[in-house]
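Number of protein chains: 2
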Amino acid sequence: MATRPLPQHISKQFDKELEDLRSRVMIMGGLVEDLLSKSLNALEQGDIELAETVSTSDYQVNALEVGIDEECTQVLARRQPAAGDLRLVLAVIKTISDLERIGDEIEKIAKMVAYINEKGSPKSYYISVFSMGQHVQQMLHEALDVFARMDSQKAVEVAAEDERIDKEYSAILRQLITYMMEDPRSITNVLDVVWAVRALERIGDHANNICENVIYLVEGKDVRHTSIEDIRNEISTDT
Amino acid sequence: MATRPLPQHISKQFDKELEDLRSRVMIMGGLVEDLLSKSLNALEQGDIELAETVSTSDYQVNALEVGIDEECTQVLARRQPAAGDLRLVLAVIKTISDLERIGDEIEKIAKMVAYINEKGSPKSYYISVFSMGQHVQQMLHEALDVFARMDSQKAVEVAAEDERIDKEYSAILRQLITYMMEDPRSITNVLDVVWAVRALERIGDHANNICENVIYLVEGKDVRHTSIEDIRNEISTDT
Numbered sequence: 001m002a003t004r005p006l007p008q009h010i011s012k013q014f015d016k017e018l019e020d021l022r023s024r025v026m027i028m029g030g031l032v033e034d035l036l037s038k039s040l041n042a043l044e045q046g047d048i049e050l051a052e053t054v055s056t057s058d059y060q061v062n063a064l065e066v067g068i069d070e071e072c073t074q075v076l077a078r079r080q081p082a083a084g085d086l087r088l089v090l091a092v093i094k095t096i097s098d099l100e101r102i103g104d105e106i107e108k109i110a111k112m113v114a115y116i117n118e119k120g121s122p123k124s125y126y127i128s129v130f131s132m133g134q135h136v137q138q139m140l141h142e143a144l145d146v147f148a149r150m151d152s153q154k155a156v157e158v159a160a161e162d163e164r165i166d167k168e169y170s171a172i173l174r175q176l177i178t179y180m181m182e183d184p185r186s187i188t189n190v191l192d193v194v195w196a197v198r199a200l201e202r203i204g205d206h207a208n209n210i211c212e213n214v215i216y217l218v219e220g221k222d223v224r225h226t227s228i229e230d231i232r233n234e235i236s237t238d239t
Numbered sequence: 240m241a242t243r244p245l246p247q248h249i250s251k252q253f254d255k256e257l258e259d260l261r262s263r264v265m266i267m268g269g270l271v272e273d274l275l276s277k278s279l280n281a282l283e284q285g286d287i288e289l290a291e292t293v294s295t296s297d298y299q300v301n302a303l304e305v306g307i308d309e310e311c312t313q314v315l316a317r318r319q320p321a322a323g324d325l326r327l328v329l330a331v332i333k334t335i336s337d338l339e340r341i342g343d344e345i346e347k348i349a350k351m352v353a354y355i356n357e358k359g360s361p362k363s364y365y366i367s368v369f370s371m372g373q374h375v376q377q378m379l380h381e382a383l384d385v386f387a388r389m390d391s392q393k394a395v396e397v398a399a400e401d402e403r404i405d406k407e408y409s410a411i412l413r414q415l416i417t418y419m420m421e422d423p424r425s426i427t428n429v430l431d432v433v434w435a436v437r438a439l440e441r442i443g444d445h446a447n448n449i450c451e452n453v454i455y456l457v458e459g460k461d462v463r464h465t466s467i468e469d470i471r472n473e474i475s476t477d478t
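From first to last, the protein sequence lines stand for chains Z and V. Here our numbering is used: the first residue of the first sequence is 1, the next is one more, and so on. Here our numbering is used: the first residue of the second sequence is 240, the next is one more, and so on.
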């Protein structure tokens, strides 16, 4: 089984509650995607005001997490779900925790945009951040798509992106170090960019976790700490 | 209520299962503490072999997390716990996730110890890491103590330590930047130390999360994204 249809229960209300949990995760995911996009636009356009809007929006992400988490606890207490339903609720709890941490990383990026602009750092320092940013945006979008469709096959493919993002991160970091060595006065300014790039790399890690949560939910297997190759093999032997 | 006694159920077996979950978290916590202590000793003594032992021990932390997480899912499915029992299981799920991430950060520190020693970086670069490391070690130990005793009052005090650690981190970072500016050839070496210090700061964040999990468990209140002052007020009005 590679995707998971919505469960059908005798209690229509229970169906509705589970569906509601899923759709609230998607709303939270949409908000996080929007904030990431705005923070990268703010960097590209040097728009400090937009960056500040992003910085002050993180509370919305936090409020959604607390609300959905509370709803999950209530569903567990009231419905006492078993098997796939239980895994769905647990996957939601883990996914919103990852989305919340992505929100924290986006906030860091937005703050860096403000510093970078105030100090007037040359664009050459952070031009490479855009392509990595787009890559991470794409991966996050796909991870949320995987969650919406509950598609474990696609989850494995998206999780594999994380390695590419890690390589991109290392390459950019090496480049940033050369800037610092060429002009030591630039060190603090370049370090601002380093923190932004590192935040993007962390977002990739969390998008990866979201994919693993979906694999756990659909396949009933905990694949954290398992290589992509092994996950592929595990899933394909079942289908 | 500031501490939470062990629940007493008609089913002695259920009591035993909950107690078992708690003690397995403490075993996992003990392992993580031991690895952190070893990684800091390895740094202090320049012991690359010890650092490598730590690097290769992270799989034990991961295995414990997967095992305890599985046990939590089984308890939820079989016992369908309510109220405080449910919160205990959910707090365990969150706490082991934090411990696992602490394990990841310790692995980063151990790898940095190897780099720092291979490059023969002068001790002055990382002397300040020891005091911060001791501080973080202390906070982690207290956070685990808070979990063992289920003491929400103490949890608030320990969580407050995180702000002090963040300040220590910022001060060390500023110092490290001056080293880089004074001698640009040192940049890559000093950056190794920066990553180790950042990993310590993240461990403080996770120890803070563990305290918040205990407050949620004991008080039934989600205090994430709440200031220490507000948490103190909330808890004291109840007791």
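Yeah, the Cβ is synthetic: ideal placement off N, Cα and C, and Gly gets one too. This one's a predicted model, so the numbers in the text were calculated from it and none came from an experiment.
By how many angstroms is the C-alpha of residue j removed from the C-alpha of residue i?
i: GLU309(V); j: TYR418(V); result: 47 Å
i: VAL218(Z); j: GLY269(V); result: 33 Å
i: VAL146(Z); j: ASP343(V); result: 26 Å
i: THR239(Z); j: ILE96(Z); result: Residue placement at THR239(Z) cannot be trusted, given a pLDDT of 47 that sits under 50; what the coordinates show is reported in the next sentence. Approximately 29 Å, taken between the alpha carbons.
i: HIS225(Z); j: ASN301(V); result: 7 Å
i: HIS248(V); j: LEU144(Z); result: 41 Å
i: GLN153(Z); j: GLN138(Z); result: 17 Å
i: TYR169(Z); j: GLU163(Z); result: 10 Å
i: ARG198(Z); j: ILE426(V); result: 17 Å
i: LEU303(V); j: LEU99(Z); result: 24 Å
i: MET420(V); j: LEU18(Z); result: 55 Å
i: ALA394(V); j: ARG388(V); result: 10 Å
i: ALA435(V); j: ASN428(V); result: 11 Å
i: GLY220(Z); j: SER236(Z); result: 14 Å
i: GLU396(V); j: ASP390(V); result: 10 Å
i: ARG22(Z); j: VAL271(V); result: 34 Å
i: VAL328(V); j: GLU118(Z); result: 47 Å
i: CYS72(Z); j: ASP20(Z); result: 10 Å
i: ASN213(Z); j: ARG185(Z); result: 44 Å
i: GLU161(Z); j: LYS362(V); result: 38 Å
i: ASP166(Z); j: GLN373(V); result: 30 Å
i: ASN448(V); j: MET265(V); result: 16 Å
i: GLN175(Z); j: LYS108(Z); result: 21 Å
i: LYS251(V); j: ILE215(Z); result: 35 Å
i: VAL136(Z); j: GLY285(V); result: 37 Å
i: LYS333(V); j: ARG340(V); result: 11 Å
Using DSSP's beta-bridge definition, name the partner residues of residue i.
i: THR242(V); result: ASP390(V)
Exposed or buried, which one is residue i when buried takes at least 16 other CB atoms within 10 Å?
i: ASN233(Z); result: exposed
i: GLU468(V); result: exposed
i: ASP422(V); result: exposed
i: ILE484(V); result: Residue 484(V) is absent from the model: chain V starts at 240 and stops at 478.
i: ALA446(V); result: buried
i: SER360(V); result: buried
i: ILE127(Z); result: exposed
i: ALA410(V); result: exposed
i: TYR298(V); result: exposed
i: GLU142(Z); result: buried
i: ASP34(Z); result: exposed
i: GLU288(V); result: exposed
i: LYS255(V); result: exposed
Tell me whether residue i counts as near the ligand ATP, meaning its Cβ is closer than 7 Å to at least one heavy atom of that ligand.
i: TYR125(Z); result: Looking at this structure, you won't find the ligand ATP or any other ligand, since it has none at all.
Is any beta-carbon of chain B found at less than 8 Å from that of residue i?
i: PRO361(V); result: Included in the structure are the protein chains Z and V, with no chain B among them.
Contact between the segment 76-91 of chain Z and the segment 303-320 of chain V (3+ Cβ pairs under 8 Å): The count of Cβ pairs closer than 8 Å, one atom from the segment 76-91 of chain Z and one from the segment 303-320 of chain V, reaches three, so the stretches are in contact.
If you measure beta-carbon to beta-carbon, which residues of the segment 218-229 of chain Z are closer than 9 Å to chain V? ASP222, ARG224 and HIS225
Residues from the segment 14-38 of chain Z in contact with chain V, defined by Cβ distance under 8 Å: none
Tell me whether the segment 34-52 of chain Z and the segment 287-294 of chain V touch, counting them as touching only if at least three CB pairs, one residue from each stretch, are closer than 8 Å. no
Residues of the segment 305-320 of chain V with Cβ closer than 8 Å to any Cβ of chain Z, in chain order: VAL305, ASP308, GLU309, THR312, LEU315, ALA316 and GLN319
Along the segment 139-160 of chain Z, where does the CB come closer than 8 Å to a CB of chain V? Name the residues. none
Residues of the segment 281-299 of chain V with Cβ closer than 8 Å to any Cβ of chain Z, in chain order: So the list reads TYR298, given in the order they occur along the chain.
Select from the segment 408-425 of chain V all residues with a C-beta closer than 7 Å to any C-beta belonging to chain Z, and list them in chain order. ILE416, MET419, MET420 and PRO423
Using a Cβ-Cβ cut-off of less than 8 Å, list which residues of the segment 186-206 of chain Z approach chain V; keep chain order. ILE187, THR188 and LEU191
Proximal residues, the segment 81-92 of chain Z versus chain V, C-beta separation under 8 Å: In summary, the residues of the segment 81-92 of chain Z whose CB is separated from some CB of chain V by less than 8 Å are ALA82, ALA83, LEU86, ARG87 and LEU90, in the order they occur in the chain.
Please list the residues of the segment 92-120 of chain Z that have a C-beta atom closer than 9 Å to any C-beta atom in chain V, keeping them in chain order. ILE93, LYS94, SER97 and GLU100
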